[in-house]
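Asks: Numbering (my numbering), first residue to last: 1 to 118.
This is the structure I have questions about; it appears just below.
Take a look at the structure:
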């Protein structure tokens, strides 16, 4: 609550940082992920905030889409990673939304992807 009183919620509360992330920043992060793992395609998409005071609020985003042989099995392996990684399947591709990944989580995400995509 202190962050709200000091008008610093946007800078200090991760969910507000995620919600406020500009589209060009999300695109740059997705592009960097694609370059790092040398696979996939960056596509436009939507993030659903979906809770609290913003139920089902939709925000434009950029996604890293991966064409893998068994997308549901792949996402299951991601959920079993340490730390668990949540992805979704859209149009038979695994999609990852940079809006939902904190900067300090990126390395773990990319290492897990590299390991699974070998």
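The C-beta atom is built at its ideal place from N, Cα and C for all residues, glycine as well.
In whole angstroms, what is the alpha-carbon distance linking residue 104 and residue 98?
Replies: So the alpha carbons of these two residues sit roughly 12 Å apart.
Asks: Quick one: grab the DSSP three-state call for residue 3.
Replies: No answer about residue 3 holds up, because its pLDDT of 48 lies below 50 and its placement is not dependable.
Asks: Between 50, 57, 29, 49, which lies nearest to residue 65 when the distance is taken from Cα to Cα?
Replies: Considering only alpha carbons, the answer is 29.
Asks: What residues in its chain sit with their C-beta under 8 Å from that of residue 77, if we drop five residues either side in the sequence?
Replies: So the qualifying residues of the chain are 116.
Asks: Report the rounded CA-to-CA distance for residue 17 versus residue 41, giving the unit in angstroms.
Replies: Roughly 25 Å between the two C-alpha positions.
Asks: Which whole-angstrom value describes the C-beta separation of residue 19 and residue 113, a residue pair presumed to lie in contact below a C-beta threshold of 8 Å?
Replies: With 8 Å as the limit, residue 19 and residue 113 do not qualify as a contact, their Cβ atoms being about 24 Å apart.
Asks: DSSP state of residue 59, grouped into three classes?
Replies: Note: residue 59 maps to strand in three-state DSSP.
Asks: Ignore the nearest five residues each way along the sequence and tell me which others in residue 96's own chain have a CB closer than 6 Å to its CB.
Replies: Hits under 6 Å: 64, 87.
Asks: Can you tell me where the beta strand (DSSP E) holding residue 100 begins and where it ends?
Replies: Unbroken run through residue 100: none, as it is neither H nor E.
Asks: If you compare alpha carbons, which of 43, 60, 50, 111 is closest to residue 22?
Replies: If we check each option's Cα against that of residue 22, 60 comes out closest.
Asks: Taking the continuous beta strand (DSSP E) assigned at residue 71, which residues delimit it?
Replies: Run containing residue 71: none in the beta strand (DSSP E); it sits in the alpha helix (DSSP H), 71 to 79.
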